[in-house]
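>
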Amino acid sequence: MLEIVLVTFFALLPISNPFSTIPLYLSLTAGYSKAWSQKQALKAAFYMAGILLVFLWAGAFIIDFFGISIPAIRVAGGVIIMRVGFGMLNPKDADDITEAAKQESRTKKDIAFTPLAMPSLSGPGSISVVISMAASSDDILSYLAVSAGIVAVVIVAWLAMRGAPFVSRFLGITGLDALTRIMGFLLICIAFQFVFDGLGGYLASERFLQPIIEHLKMTLVI
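Residue numbering for the sequence shown follows our numbering, beginning at -1 and increasing consecutively.
1. Over the uninterrupted alpha helix (DSSP H) stretch that includes residue 111, give me the two end residues.
2. My guess is that residue 189 and residue 66 are in contact by the Cβ rule of under 8 Å, so how many angstroms apart are they, rounded?
3. Does DSSP put residue 62 in a helix, a strand or coil?
4. Go ahead and pull the three-state DSSP assignment for residue 203.
5. Excluding five sequence neighbours on each side, which residues of the same chain lie with their C-beta closer than 6 Å to the C-beta of residue 50?
6. Measuring CA to CA, which of 55, 64, 43, 208 is closest to residue 151?
7. Cα-Cα, which of 110, 122, 135 is closest to residue 27?
8. Output needed for residue 266: all residues of its chain with C-beta closer than 7 Å, excluding positions within five of it in sequence on either side, in chain order.
9. For the alpha helix (DSSP H) containing residue 119, list its first residue and its last residue.
10. What residue range does the alpha helix (DSSP H) around residue 147 cover?
11. Would you call the segment 130 to 138 and the segment 20 to 37 touching, i.e. three or more CB-CB distances under 8 Å?
12. Does DSSP classify residue 29 as helix, strand or coil?
13. So, at 8 Å on beta carbons, what are the nonlocal neighbours of residue 171 in its own chain, with the 5 sequence-adjacent residues on each side left out?
14. In its own chain, which residues sit with a C-beta less than 8 Å from the C-beta of residue 192, not counting the 5 before and 5 after it?
15. Locate the alpha helix (DSSP H) running through residue 222, then write down its first and last residues.
16. So, with DSSP's three-state summary, where would you put residue 216?
17. Quick one: grab the DSSP three-state call for residue -1.
18. For residue 56, which three-state DSSP category applies?
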């Protein structure tokens, strides 16, 4: 059970990457009181937990409803994560999204749900990881273990936002940029593993093997 918690934590942490949210959080809360800023951080953490836990516990239903196979989930999730990872290796690619989020936030009194929780902390990449974990969970204990891993990542995200001024001063822009690139590299590695596992699962599945077996039987009979 502890292994599932750790796997979830280390799979989800790089893609949610709370440290890359620090510059966005600081820019959106600039000029506001410390109490208001910390309240937004706490609300964003709760929203993040709610989004990911809903997709975890509803993941099996979503997969069954749309008739999606587990290998397909893993391959699709790997592709999404890979795209996010390459974006983190080249942070300039995300500048337009960040600027759009800033523009929208200036007209809003609450920034916790968007853009902090969605799409910054719990975007499509994080959701795909959670659904993949749901597809691999076969009992209630596994779901609880994955939930614990999600909560652990949420706590890290909350602490990162709460301590954003200190982290920003300690690491600086260059340090945060370097950390984001490292997380991006780890994400690409995780993405390839997702794709390999998905392709391996499909190649070993009855859907792939059955036509080959039938063809071999017909060939041998002839």
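Using N, Cα and C, we set each Cβ at its ideal position, and we do this for glycine too. Computed from a predicted structure; not experimentally measured.
Inspection of the coordinates gives the following:
1. Run containing residue 111: none; DSSP gives neither H nor E here.
2. The pair is not a contact, with the Cβ atoms about 18 Å apart (cut-off 8 Å).
3. helix
4. coil
5. 120, 128, 148
6. 43
7. 110
8. The structure shown does not extend to residue 266, since the chain is modelled only from -1 to 220, so the question has no answer here.
9. Where residue 119 is concerned, there is no enclosing alpha helix (DSSP H), given that its DSSP letter is neither H nor E.
10. 138 to 160
11. With the cut-off at 8 Å, the segment 130 to 138 and the segment 20 to 37 do not touch.
12. Correct three-state label for residue 29: coil.
13. 21
14. 72, 73, 75, 76, 79, 130
15. As shown, the chain starts at -1 and ends at 220. That puts residue 222 outside it, with no answer to give.
16. helix
17. coil
18. coil
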